[in-house]
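Line order of the protein sequences matches chains D and F. Per the numbering used here, the very first residue in the first sequence carries number 1; after that it's consecutive. Per the numbering used here, the very first residue in the second sequence carries number 315; after that it's consecutive. Quick notes on the structure that follows.
There are 2 protein chains.
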Amino acid sequence: MTAPFVDRLTALVEARASQIVLGLDPDPAQLWPAAVEQAPSDGSAAQRAAGAVRAHCAALIDAAGPACVAVKPQLACFERLGADGWAALAATIAYARERGLLVIADAKRGDISVSAAAYAQALVGSTPTPFGEVAGLGADAFTANPLLGIDALEPIIAGARAAGAGVFVLVRTSNPGAADVEDLVLAGDDNDDGGGGAATVWERLAAIVAQLGSSSPSNVSGLSDVGAVVGATAPEHVARMRELMPNAPFLLPGIGAQGGRVDDLAPAFAPGRAAGLVSASRSIACAHESTGAAPAEAARAEAERLREAAWSLA
Amino acid sequence: MTAPFVDRLTALVEARASQIVLGLDPDPAQLWPAAVEQAPSDGSAAQRAAGAVRAHCAALIDAAGPACVAVKPQLACFERLGADGWAALAATIAYARERGLLVIADAKRGDISVSAAAYAQALVGSTPTPFGEVAGLGADAFTANPLLGIDALEPIIAGARAAGAGVFVLVRTSNPGAADVEDLVLAGDDNDDGGGGAATVWERLAAIVAQLGSSSPSNVSGLSDVGAVVGATAPEHVARMRELMPNAPFLLPGIGAQGGRVDDLAPAFAPGRAAGLVSASRSIACAHESTGAAPAEAARAEAERLREAAWSLA
């Protein structure tokens, strides 16, 4: 029996002294040059590009992975290369696991009933077929979109729990457009959760995350298996988030390229270091563009810099 | 140059006298028996199951397709079979197009900036790589999740427009959990769009759909290229939806298995028949379970029954 995601996470955070999640957002037009050279010399454009993407992700994992606790592949970046891209995604996930890293599939999925369950099968579970069970991607956790409500999240969370996996629900994202929907203020009748009150859509989403996480299977870490994606570009929200979701692990993107600063995040770490995961993608993969060093060298240095900065806060 | 999605849709709705969208939600454990027999006799479980899924979808398209205007593959159902499943999805889309049907990829995707653009590349566009352009799935339209706001939808819509494709944004879904977030009532300051007012989250989402659709490239149909997913289980909302989004095509799931009734939908059709697409999945694919007829026969009859019922309302 696999240990619950939050226990595996907590142990690995301590073992590696890191809370850094390495985002993998490969753009086939902006891969590290050495990866492009490793692409197969024949095959379709999709096959060759997928080979280059796979080599790029492996090189990034080799360089920055030792300073990180998990990778976070963004699924669209692979899907756009079709079945070959999906195969590269599966290979990248397997490679990250071989290197001792956890995998958080950045899928932002959301759907209802059997479709929601099918996403959990695809990402962390498996699917019964007349020809035997078919394994999914084998991620340790994935991101989910809560717009469709609790009954749409439940099958996703049930599927994740059955696999000992975790779910990170979008609560307040790091883009300016978060103001359009997530930040809307609720009216009186909908603005009371019986406790501190839920004043905005994102606070309501946070209450849903806390509610769904309250039935987490027992674990050593004390963390909930339903986490939250909390944009690090809105640091003033992090303390309120923690108040509403006392046991949820936070996935904090928005560092570096999106403008967030790692030292705004301290409140996230209150329940323990594993409760505040700092995600960075372009700031690591593209570090060489500002430093002038070789890509792998620059990525390694930037991941280590982030690791140390986050660790010193917690 | 491809004609805009809404013009292709409008022409096909008239030519086929149909507003029915055939949902393709293949569950490998519940495929039509004849499709399971058509699976390859060797290969991995994933390869064999993907072959059976592909045969099932082709048989469903052969049976019910002539009464329909489009198919709507639900992506998770294919993703759970990995790269083989993604290849079956691509083949199913190609087959539907060969049969003269439009394809609406039911992806419910949402992400920010370059990740949002990557979803459009994967579903309706193409991706530049050092090895040449890689085509995406070639769908005619896809569904998107608006939780992340306008700046997250913009790259998706831009990518769709560049491909002459459409986007259907989730506005109010057909599950009971829609009450948890979509139906929340907004406070005064956020409850005014300068016009009729936006009282709930879903009304705000509708206003966003109308705003984004107002910049649709010119087309013959007069419809917006930004449509809305409107759950048919809440028929009392359809008239208000139409008021808020006068030119948006509506994709109306929730017929049959989810409890909606086709004759509640008449207000959707005000801007024209193509503005109200009626989606049905299990009620067609599983019609044989209640009628006792052969699966293809029952699917054909149920699709034709739905076609006629919707057409008679518009």
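Think of the CB as a built atom: it goes at the ideal place given N, C-alpha and C, for glycine as much as any other residue.
- Straight across, the Cα-Cα distance linking Leu22/D with Ala280/D is about 6 Å.
- If you look at Arg172/D, you'll find it in the beta strand (DSSP E) that goes 166 to 172.
- Within the model, the alpha-carbon separation for Leu526/F versus Ala436/F is close to 21 Å.
- At a cut-off of 8 Å, the C-beta of Leu24/D has no neighbouring C-beta in chain F.
- Per DSSP, the beta-bridge partners of Ala141/D are Ile104/D, Gly166/D.
- In the structure shown, the three-state DSSP call for Leu31/D is coil.
- Contact note: Lys422/F reaches chain D through Gly110, Asp111, using a C-beta cutoff of 7 Å and chain order.
- Following the DSSP letters along the chain, one finds Ile334/F inside the beta strand (DSSP E) bounded by residues 334 to 338.
- Taking C-alpha positions only, Pro267/D is separated from Arg161/D by approximately 27 Å.
- When rounded, the separation of the alpha-carbon atoms in Leu484/F and Ile150/D is 16 Å.
- Residue-level contact check: Gly450/F touches chain D, since one or more beta carbons of chain D fall below 8 Å from its beta carbon.
- For Pro176/D, the chain F residues whose C-beta falls within less than 7 Å of its own C-beta are Asp465, listed in chain order.
- For Gly527/F, there is no enclosing beta strand (DSSP E); the enclosing alpha helix (DSSP H) covers residues 515 to 527.
- As computed with DSSP, Ser279/D is found in a beta bridge with Val21/D.
- Measuring C-alpha to C-alpha distances from Gly254/D to each of Arg273/D, Gly222/D, Arg282/D identifies Arg282/D as the nearest.
- When C-alpha distances from Ser44/D are compared across Glu308/D, Leu75/D, Asp84/D, Gly65/D, the shortest belongs to Asp84/D.
- Our two residues, Gly446/F and Ala431/F, have alpha carbons roughly 18 Å apart in a direct line.
- Nearest CB-CB separation between Gln388/F and chain D: below the 8 Å threshold.
- Listed in chain order, the non-local C-beta contacts of Asp341/F below 8 Å within the same chain comprise Cys391, local neighbours out to five positions each way being set aside.
- One thing to note: Gln19/D has its Cβ within 8 Å of the Cβ of Val278/D.
- Of all C-beta pairs linking the segment 88 to 97 of chain D to the segment 398 to 411 of chain F, fewer than three are shorter than 8 Å, placing the two stretches out of contact.
- When C-beta atoms of the segment 554 to 563 of chain F are compared with those of the segment 288 to 308 of chain D, fewer than three pairs fall below 8 Å, so the two segments do not count as touching.
- Shown here, Thr2/D sits in coil according to DSSP, grouped into three states, outside any helix or strand.
- Annotated as proximal: Val515/F and Leu500/F, with beta-carbon spacing under 8 Å.
- In this structure Gly414/F is exposed. Its beta-carbon is surrounded by fewer than 16 other beta-carbon atoms within 10 angstroms.
- Taking a C-beta distance under 8 Å as the contact criterion, Leu579/F and Leu627/F qualify as a contact pair.
- Scanning its chain for C-beta atoms nearer than 8 Å, with the 5 sequence neighbours on each side dropped, one finds around Cys68/D the residues Arg16, Ser18, Ile20, Val21, Leu22, Leu101, Ala303, Arg307, in chain order.
- Within 7 Å of the CB of Glu297/D, no CB atom of chain F is found; the nearest one sits about 22 Å away.
- According to DSSP, Gly159/D shares a beta bridge with no other residue.
- At a cut-off of 8 Å between C-beta atoms, Trp86/D counts as an interface residue with respect to chain F.
- With fewer than 16 other CB atoms across the displayed protein chains lying within 10 angstroms of its CB, Gly502/F is exposed.
- Membership of Leu565/F in the beta strand (DSSP E) is indicated by the continuous run 564 to 566.
- Residues of the segment 113 to 126 of chain D with a C-beta less than 9 Å from any C-beta of chain F: Ser113, Val114, Ser115, Ala116, Ala117, Ala118, Tyr119, Ala120, Gln121, Ala122, Leu123, Gly125, Ser126, listed in chain order.
- Nearest C-alpha to Gly473/F among Val540/F, Val495/F, Arg368/F, Asp494/F: Val540/F.
- What Thr406/F touches in chain D, judged by beta-carbon distance under 7 Å, is nothing: the nearest beta carbon there is about 12 Å away.
- DSSP, read as helix, strand or coil, puts Ala546/F in coil.
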